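In the UniProt record's numbering, the protein residues as written are 1 to 469.
Glycine included, every Cβ here is placed at the ideal spot set by N, Cα and C.
All figures in this text were calculated on a predicted structure; none of them were measured in a lab.
Let me begin by presenting the structure, written as structure tokens, before commenting on it.
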Amino acid sequence: MDQTRAPLWEAAQKHLAHANGNFHVPGHKQGLHFDPKAQNVFHRVLQIDLTEIGELDDLHHATGAILAAEQLAAEAFGANKTFFLVGGSTVGNLVAMMTAATGRKKVVIQRNSHQSLFHGAMIGQAELIVLPPHFHLSDIEKLLQAHQGEIGAVMLTSPSYGGRIQPLGLFAELCHQYHVPLFVDEAHGAHLSFHPGLGTTALQAGADLVVQSTHKMLPAMTMASMLHLQGDRIDQEMVRHYLRIMQSSSPSYPLMISLDLARRIMATLGKEQIESILPLLDAFRRQVVSLPLYEEYIEGLPQDPFKFSLQVEGVSGFEFFSMLEDRGVYAEWADHQRTLFIFTLGTTENDLKNLFSILQEVHLGLFYRKRKKKPILPKMPKISRQSFHFSNWQHHDRKKKDLKEAVGHLSAELIVPYPPGVPLLVPGERWTAEHIELIETYLALCNRVHGIEERENGPQVWVWLKGMG
Numbered sequence: 001m002d003q004t005r006a007p008l009w010e011a012a013q014k015h016l017a018h019a020n021g022n023f024h025v026p027g028h029k030q031g032l033h034f035d036p037k038a039q040n041v042f043h044r045v046l047q048i049d050l051t052e053i054g055e056l057d058d059l060h061h062a063t064g065a066i067l068a069a070e071q072l073a074a075e076a077f078g079a080n081k082t083f084f085l086v087g088g089s090t091v092g093n094l095v096a097m098m099t100a101a102t103g104r105k106k107v108v109i110q111r112n113s114h115q116s117l118f119h120g121a122m123i124g125q126a127e128l129i130v131l132p133p134h135f136h137l138s139d140i141e142k143l144l145q146a147h148q149g150e151i152g153a154v155m156l157t158s159p160s161y162g163g164r165i166q167p168l169g170l171f172a173e174l175c176h177q178y179h180v181p182l183f184v185d186e187a188h189g190a191h192l193s194f195h196p197g198l199g200t201t202a203l204q205a206g207a208d209l210v211v212q213s214t215h216k217m218l219p220a221m222t223m224a225s226m227l228h229l230q231g232d233r234i235d236q237e238m239v240r241h242y243l244r245i246m247q248s249s250s251p252s253y254p255l256m257i258s259l260d261l262a263r264r265i266m267a268t269l270g271k272e273q274i275e276s277i278l279p280l281l282d283a284f285r286r287q288v289v290s291l292p293l294y295e296e297y298i299e300g301l302p303q304d305p306f307k308f309s310l311q312v313e314g315v316s317g318f319e320f321f322s323m324l325e326d327r328g329v330y331a332e333w334a335d336h337q338r339t340l341f342i343f344t345l346g347t348t349e350n351d352l353k354n355l356f357s358i359l360q361e362v363h364l365g366l367f368y369r370k371r372k373k374k375p376i377l378p379k380m381p382k383i384s385r386q387s388f389h390f391s392n393w394q395h396h397d398r399k400k401k402d403l404k405e406a407v408g409h410l411s412a413e414l415i416v417p418y419p420p421g422v423p424l425l426v427p428g429e430r431w432t433a434e435h436i437e438l439i440e441t442y443l444a445l446c447n448r449v450h451g452i453e454e455r456e457n458g459p460q461v462w463v464w465l466k467g468m469g
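As structure tokens, this is what we get:
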């Protein structure tokens, strides 16, 4: 296939050249009716904010330009079939979970998976079997043996938010020995496909279904994502069915066009561009860690070189993040220990030089001040459940409680420090004093926690009045 083509972009340009009257949605009429104070910024993008007319095809029944764009994406990423997503990896994960749970199948999932997979389990009324955050091949094999014929999929995450890439080839081979498909949340790994030095992609490892946030690491607009299928273990029509349910019937053309263009630039120039930036990232790392107070935090190997987690002696990640914000530098995320920076092919050599200069400035100020001990988070509570059954979760009576009074009650909501979006508590897990202490520490450190309602008299949570299976 000709990867220099961008069929959906070309169709939009053809439509703009041919159109002689616009009497359809959306209401801004390609930017002509828009807030005048912002019109000059939005105008060019709003010209392609179109709808399913003429040669522009239909995402939910693609036969023309969208289908051609998806086929080019499938070839570029190594899939048999690719679907464009306009609701981020979140919608892809929802669909993946619902597909896996079809036919009342159980689903094996990492406990530290993104919240969207748990939400998918709730919508799909799935039964989850939970792997601990740190697991081994033998852990999966035990579950596959114990539940033979009952598992709809094993769902793993790689790379992690911090950049660790899992040995997915081993997991895929094991799953397939038991005739179980492997699904992978590869939200942070869309770029891995375009250079052999970055690590093995989920599709290369043999995964059957892969969800990618194209927008996170590649030049696509926020929310623009893809779902890839490979092999014949997944019912493609079932995936399509759930996509029609979960995705908007008015998908954004700017998002879909950005997917088409991101695929084109990566397929034609991606390897060359990655080869150009990798030495710059390596040199930047060596410069930073040569400063006495700085140390890189690596979750494990192999590690995505586009992720850089920095630990600073005597300074919490939150405090360091704030110091950088005061200087106009915005990192991706921080916790009590470290600050995460994400680089992409949009990161320039000047960006890295500027960042290093500011890191030097901050380092100099820290070096001569009296440094405190970093805040220590309370110990992470033990995982209390190894399985969850969401078949009737919505029928339980629930009540709002002050956070301090939640001990002993079952959580009725996902409790999720965000980012990165990994649940601390899943509906059906019991609140403990350790959970409350940890949440209070998160809130005190200015971390956002989804599922907590902040009130004048203190934070509140939803709990169930009865148990859940």
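Item: Beta-bridge partners of residue 462, as assigned by DSSP; Value: 400
Item: The segment 19-31 touching the segment 41-57, judged by at least three CB pairs closer than 8 Å; Value: yes
Item: Range covered by the alpha helix (DSSP H) that runs through residue 186; Value: First-last for residue 186: undefined, no H or E at that position.
Item: Rounded Cβ spacing between residue 414 and residue 439 (contact assumed at less than 8 Å); Value: Contact flag wrong, Cβ pair sits at about 13 Å.
Item: Buried or exposed by the 16-neighbour rule on C-beta atoms within 10 Å, applied to residue 245; Value: exposed
Item: For residue 289, the nearest candidate out of 331, 143, 356, 270 (CA to CA); Value: 356
Item: Own chain partners of residue 68 with C-beta closer than 6 Å, once the 5 adjacent residues on each side are dropped; Value: 7
Item: Alpha-carbon to alpha-carbon, residue 120 and residue 267; Value: 32 Å
Item: Where the alpha helix (DSSP H) through residue 45 begins and ends; Value: 36-46
Item: As assigned by DSSP and simplified to three states, the class of residue 29; Value: coil
Item: Through-space distance from residue 139 to residue 163, alpha-carbon basis; Value: 22 Å
Item: Bridge partners - residue 153, DSSP secondary structure assignment; Value: 107
Item: Which of helix, strand or coil DSSP assigns to residue 228; Value: strand
Item: Extent of the continuous alpha helix (DSSP H) run through residue 356; Value: 349-367
Item: Per-residue DSSP class, three states only, for residue 10; Value: helix
Item: Beta strand (DSSP E) segment containing residue 312, residue limits; Value: 307-312
Item: Other residues of its chain near residue 430: CB distance less than 8 Å, five sequence neighbours each side excluded; Value: 384, 408, 409, 410, 411
Item: 7 Å Cβ shell around residue 260 - same chain, five flanking residues per side excluded; Value: 6, 7, 8, 9, 69
Item: Which listed residue (135, 126, 254, 303) has its alpha carbon closest to that of residue 200; Value: 303
Item: Span of the alpha helix (DSSP H), counted from its first residue to its last, around residue 242; Value: 236-246
Item: Bridge-paired residues (DSSP) for residue 418; Value: 448
Item: Short Cβ contact (9 Å threshold) for residue 45 with residue 251; Value: no
Item: Residues of its chain near residue 174, where Cβ-Cβ distance is below 8 Å and the 5 sequence neighbours each way are ignored; Value: 137, 140, 141, 144
Item: First through last residue of the beta strand (DSSP E) which encompasses residue 191; Value: No beta strand (DSSP E) contains residue 191, which DSSP labels as neither H nor E.
Item: Any 3 or more C-beta pairs closer than 8 Å across the segment 173-192 and the segment 148-157; Value: yes
Item: Every unbroken alpha helix (DSSP H) within the segment 64-147, with a cutoff of 4 residues, ordered by chain; Value: 65-77, 88-101, 115-123, 137-146
Item: Buried versus exposed, by CB contacts within 10 Å (16 or more), residue 476; Value: As shown, the chain starts at 1 and ends at 469. That puts residue 476 outside it, with no answer to give.
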